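**Student:** Chains as they are written, first to last, in my numbering: chain A, 192 to 452; chain B, -18 to 348.
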Amino acid sequence: MTIKTDVQGELIYLTMVLYLLAFVLLAAQRRRAGRAVGFAGFLVALASVVFRWWSVGHVPLRDLFEVFLMLGALTVPLSILCDRVLNAGDRKWDLLIGAVVLFPAGFVFSGAPRLLPPALQSPLFAPHVLAYTAAYVLMAKATVLAVAQFGAREPSAAAERADAAYRIASLGFVMLSAGLIIGAWWGKLAWGDYWNWDPKEMWSLATWLIYLAYFHLRAIPGRRYSRAGPVFLVGGMIAIVITLLVVSLARIFSSMHSYAG
Amino acid sequence: MQAVSREISRFRSSAMWAAVIGLLLLAALAIAGSFAGVDGARAMFNSAPAVVLWTLFAQMMLASLLIFRAVRRNVGLLAAHLGTALILAGAMWGSAAAHHLRPALGLTPKVHKGYLIVPQGRSANEMVDATGVTQLGRLPFDVHLEKFWIEHYPVDPAERWPIMVGVIQSHSEQRLPQWDLSTIDWKVGKPVDLPAAGIRLRVVEHSLTRIGQIAQAPTVPVVKMELRRGDRTVTQALTGGLPGAPARLPLAGVFASASEWFKAGSPTLFMDRPAPAVKDYKSALAVIENGKEAARKTIEVNHPLHYGGYHFYQYDYDQDRLNYTVLAVVSDSGWPAVAAGFVLVGAGIAWHAVRTIIRARRRRREQ
């Protein structure tokens, strides 16, 4: 673990502080103050992403440091989207998710700027990674809600949380599918194959299939199987963590997606 | 009538459970494939049992249209299921096994995947395998390489150029001195010990300067450092040089005498310009068919040439003299179906999700 003493590091730490402060305010039922501080945190996170973009001269999605920076920035707008459009989610837990995902960017991953190699110089690079980044945030929110259904005191509240998790996961699955399809298309243009049997691709596919199984489970006529749903969402989230981190960093996998490490 | 309806409902339930189990099985196989490595996973998923599985899945996609009215009536679900079947069909048609079957089916033979080595200024049409030795087949046209070149990112003088400390290992009148070099992990303000020289180094300033007086003179770094050995401390600077001319700084100043420095192996600092990072590899190609130029394109990574049923990708090159390029050649059989399938699956999933969200909002408003 290292503390970053440059401007980039300070922007990350300020964002984390604001997100955590907003979480505390919302938990203390200070809704207006909490939302204002949370939005301020988002503006700092956005400034952090823009600063990085200016520093490196390309869309900041090249490595894990930049991906986690973007995860932190996407948390608030996706939280607002889920709240206003999907009527789902809890802003305070979203802010905690935002602070947590910024931790690796702030303390673990090196922020040394890296040039884009030839394979990443594609108009599909940003949409592919952005789609996955948004999907991961949405699926994390859905997982939190799905697990929270077991803490509900009333069956109706549990069912509402399960349905809210389903709505968020539906949107997350659109982004996950977009990421997978754009990635396959890009692979065809860059490497000659839309599927290269790479460990990152295999885990991405496994993640997608787990969520697809979840949606098929929800569509079974008759019973709702509300208790099995969270198991699928948690399983999918574990697969996401493995895809994003373990495949990129662990030596047991050698992947052409090593740019992301 | 009610009994029939119940049976149908039970059958649909079983079919959905079969889908859930099938998807989880496929997920488990994908995870197993990730541990098998790229070649292992490719072999596993292209094996005969896997072909049976893919065929079964494609049939399940189509069967879902018959079993579930919702799939037929819902545009999104219909597109997603049809798209998946199309992807599976296209993938099987584009596989190596399907290419082997082409002559037996009365179709023009095509090579599934190969490589084309094209010397600069010349043409080639003979595809080889990854070893470059085994010939796989001949293209019905020639690919001519006009020029191959590499583009680099400019070297940033503000970035930390590598500094190495060298100690002479052996002297000989007949040979140049043999240096034992080790790279220093330096940063402004950070002390670094150089055990081979018995010196502690600390960079105190990293600035830029121009070599020469004219406006176009290149900018190079100047690294000012404190060097300490025992109770002697000197301040010296290394100024970056032009390509092929690394900066040198003999560390004699911290030694009591020149002979002591010589006995210690003449420790010397070197600072060399870092190798520029590659920005792109490019091949200017022309396709010659029946004696006439049929197509022309400068290809690079992410921008292949598509002609005559094949895609041509920038794959490798002559690493010594840039005298030839190596193109990966991939048959496009099955790709249009797979591409159409991608569009259908993506659009179908998006449509269904939007529809689900709109219906949920409508239900909440009515409550």
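Glycine is no exception: its CB is placed at the ideal position from the N, C-alpha and C atoms. Just so we're clear, the structure is a prediction, and the values are computed from it rather than from any experiment.
#1: Taking all protein chains shown into account, decide if L47/B is buried (16 or more other Cβ within 10 angstroms of its Cβ) or exposed.
#2: List the residues of chain A whose Cβ lies closer than 7 angstroms to the Cβ of A363/B, in chain order.
#3: Using DSSP's beta-bridge definition, name the partner residues of Y96/B.
#4: Return the CA-CA distance between K195/A and A29/B, expressed in angstroms with no decimal places.
#5: Is any beta-carbon of chain B found at less than 8 angstroms from that of V186/A?
#6: Checking contacts by CB at 8 angstroms: is A22/B closer than that to chain A?
#7: State the DSSP-derived secondary structure class of M206/B, mapped to helix, strand or coil.
#8: What does the Cβ neighbour count give for G75/B, buried or exposed, with the cut at 16 atoms within 10 Å?
#9: Determine the chain A residues that contact Y298/B at a beta-carbon separation under 9 angstroms, and present them in chain order.
#10: By the criterion of Cβ-Cβ separation under 8 angstroms, what are the contact partners of W160/B in chain A?
#11: Just the Cα atoms here: how many angstroms apart are A231/A and L209/A?
#12: Have a look at L157/B and D253/B and give me their C-alpha separation to the nearest angstrom.
#13: When burial is assigned at 16 or more other CB atoms within 10 Å of the CB, is H81/B buried or exposed?
#14: Using three-state DSSP, classify I165/B as helix, strand or coil.
#15: Indicate whether at least one CB of chain A lies closer than 8 angstroms to the CB of G327/B.
#16: If contact means a Cβ-Cβ distance below 8 angstroms, which residues of the region 254 to 266 of chain A contact chain B?
#17: Does DSSP classify E270/B as helix, strand or coil?
#18: Are any of the Cβ atoms in chain B nearer than 8 angstroms to that of A380/A?
#19: At least one CB of chain A closer than 8 angstroms to the CB of R340/B: is that the case?
#20: Let me make sure I understand the geometry here. Which of L308/B, R340/B and N27/B has the alpha-carbon closest to that of H125/B?
#21: State the CB to CB distance for the pair G427/A and M366/A, rounded to an integer number of angstroms; the pair is presumed to be in contact (CB under 8 angstroms).
#22: Excluding the 5 residues preceding and the 5 following G370/A in the sequence, name in chain order all residues of the same chain whose CB lies nearer than 7 angstroms to its CB.
#23: At a CB-CB cut-off below 8 angstroms, which residues of chain D make contact with P285/B?
#24: In chain order, which beta strand (DSSP E) runs of at least 3 residues are fully inside the region 282 to 334 of chain B?
#25: At a CB distance below 8 angstroms, what residues from the region 55 to 80 of chain B approach chain A? Give them in sequence order.
#26: Using a Cβ cut-off of 8 angstroms (strictly closer), state whether I194/A contacts chain B.
#27: Under the rule that 16 or more other beta-carbon atoms within 10 Å means buried, what is D301/B, buried or exposed?
#28: Considering K283/A, what are the terminal residues of the alpha helix (DSSP H) in which it resides?
#29: Thinking C-alpha only, which one of Y291/B, Y296/B and V173/B is nearest Y305/B?
#30: Residues of the region 259 to 291 of chain B in Cβ contact with chain A at a cutoff of 9 angstroms, in chain order, please.
#31: Under 8 angstroms, do P135/B and G221/B count as touching if we go by C-beta distance?
#32: Taking the runs of the alpha helix (DSSP H) that are 4 residues or longer, which of them lie wholly in the region 232 to 279 of chain B?
#33: Mind listing the chain A neighbours of V1/B? Cutoff is C-beta to C-beta under 7 angstroms, in chain order.
#34: Comparing the C-beta of W376/A with each C-beta of chain B, is any distance below 8 angstroms?
#35: Identify the continuous alpha helix (DSSP H) that holds G23/B and give its terminal residues.
#36: Roughly how many whole angstroms lie between the Cα atoms of A111/B and N27/B?
**Tutor:** Taking the structure as given:
#1: Here residue 47/B corresponds to residue number 66 of the second sequence, with the count starting at 1. Burial state of L47/B is exposed, judged by a 10 Å Cβ sphere holding fewer than 16 other Cβ atoms.
#2: Not covered by the structure: residue 363/B. The range shown for chain B is -18 to 348.
#3: For the purposes of this step, residue 96/B is taken as residue 115 along the second sequence, with counting starting at 1. DSSP lists V109/B and A309/B as the bridge partner or partners of Y96/B.
#4: Your numbering for residue 195/A matches position 4 in the first sequence. Your numbering for residue 29/B matches position 48 in the second sequence. Spanning the two alpha carbons is a distance of roughly 53 angstroms.
#5: No answer is possible for residue 186/A: the residues shown for chain A start at 192 and end at 452.
#6: Position 41 of the second sequence, counted from the start, is the residue given in the question as residue 22/B. Interface annotation, A22/B: in contact with chain A, CB-CB separation under 8 angstroms.
#7: Working through the second sequence from its first residue, we reach residue 206/B at position 225. In this structure, DSSP gives M206/B an extended state, which the three-state scheme calls strand.
#8: As a position in the second sequence, residue 75/B is number 94, starting the count at 1. By the neighbour-count rule (16 or more Cβ atoms within 10 Å), G75/B is buried.
#9: Start at 1 with the first residue of the second sequence, and residue 298/B comes out as number 317. Under the 9 angstroms cutoff, chain A gives no residues; its nearest Cβ is about 12 angstroms from Y298/B.
#10: The residue you call residue 160/B lines up with position 179 of the second sequence. Simply none; closest approach about 28 angstroms.
#11: Locating residue 231/A in the first sequence gives position 40, counting from the first residue. Locating residue 209/A in the first sequence gives position 18, counting from the first residue. Whole-angstrom Cα-Cα distance: 7 angstroms.
#12: For the purposes of this step, residue 157/B is identified with residue 176 of the second sequence, where counting begins at 1. For the purposes of this step, residue 253/B is identified with residue 272 of the second sequence, where counting begins at 1. Each residue's alpha carbon lies about 19 angstroms from the other.
#13: In the second sequence, counting from the first residue as 1, residue 81/B sits at position 100. Exposed: under 16 other Cβ atoms inside 10 Å.
#14: By one-based count along the second sequence, residue 165/B stands at place 184. It is a strand residue.
#15: The residue given as residue 327/B occupies position 346 in the second sequence. Yes, G327/B counts as interfacial toward chain A.
#16: From the region 254 to 266 of chain A, no residue has a Cβ closer than 8 angstroms to chain B.
#17: Position 289 of the second sequence, counting from 1, holds the residue named residue 270/B. Of the three classes helix, strand and coil, the one that applies to E270/B here is strand, per DSSP.
#18: Taking the first sequence and counting its residues from 1, the one referred to as residue 380/A is at position 189. The sequence given here has Leu at residue 380/A, not Ala. Contact of L380/A with chain B is assigned, a C-beta pair being separated by under 8 angstroms.
#19: Numbered from 1 along the second sequence, position 359 holds the residue referred to as residue 340/B. Interface with chain A (8 angstroms Cβ-Cβ cutoff): R340/B is excluded.
#20: As a first step, residue 125/B is located in the second sequence; it is residue number 144 there, counting from the start. For H125/B, the closest alpha carbon among the candidates L308/B, R340/B and N27/B is that of L308/B.
#21: Residue numbering aside, residue 427/A sits at position 236 when the first sequence is read from its first letter. Residue numbering aside, residue 366/A sits at position 175 when the first sequence is read from its first letter. G427/A to M366/A, Cβ: 13 angstroms. No contact.
#22: Indexing the first sequence from 1 puts residue 370/A at position 179. H319, A322, Y323 and A326, listed in sequence order.
#23: Absent here is chain D; the protein component of the structure consists of chains A and B.
#24: The DSSP assignment places complete beta strand (DSSP E) segments of no fewer than 3 residues inside the region 282 to 334 of chain B at 286 to 288, 291 to 298 and 305 to 312, in order along the chain.
#25: Taking 8 angstroms as the Cβ-Cβ cut-off against chain A, the residues of the region 55 to 80 of chain B that qualify are A72.
#26: As a working mapping, residue 194/A is identified with position 3 in the first sequence. It does not; no Cβ of chain B falls within 8 angstroms.
#27: Position 320 of the second sequence, counting from 1, holds the residue named residue 301/B. Burial check for D301/B: the Cβ neighbour count within 10 Å stays below 16, so the residue is exposed.
#28: As a working note, residue 283/A is residue 92 in the first sequence. In the DSSP assignment, K283/A falls within the unbroken alpha helix (DSSP H) covering R282 to F294.
#29: For the purposes of this step, residue 305/B is taken as the residue at position 324 of the second sequence. For Y305/B, the nearest C-alpha among the options comes from Y296/B.
#30: When C-beta distances to chain A are compared with 9 angstroms, the residues of the region 259 to 291 of chain B below that value are V259, K260, D261, Y262, E281, V282, N283, H284 and P285, in chain order.
#31: Here residue 135/B refers to the residue found at position 154 when the second sequence is read from its first residue. Here residue 221/B refers to the residue found at position 240 when the second sequence is read from its first residue. Taking 8 angstroms as the Cβ cut-off, P135/B and G221/B do not qualify as a contacting pair.
#32: Fully contained in the region 232 to 279 of chain B are the following alpha helix (DSSP H) runs of length 4 or more, in chain order: 239 to 244.
#33: Taking the second sequence and counting its residues from 1, the one referred to as residue 1/B is at position 20. Going along chain A in sequence order, the residues near V1/B (Cβ under 7 angstroms) are A404, H407 and L408.
#34: Residue numbering aside, residue 376/A sits at position 185 when the first sequence is read from its first letter. Yes, W376/A counts as interfacial toward chain B.
#35: Numbered from its first residue, the second sequence carries residue 23/B at position 42. Looking at the sequence provided, one finds Arg at residue 23/B rather than Gly. Boundaries of the alpha helix (DSSP H) harbouring R23/B: G18 to F26, taken from the DSSP string.
#36: For the purposes of this step, residue 111/B is taken as residue 130 along the second sequence, with counting starting at 1. For the purposes of this step, residue 27/B is taken as residue 46 along the second sequence, with counting starting at 1. Rounded to the nearest angstrom, the two C-alpha atoms are 19 angstroms apart.
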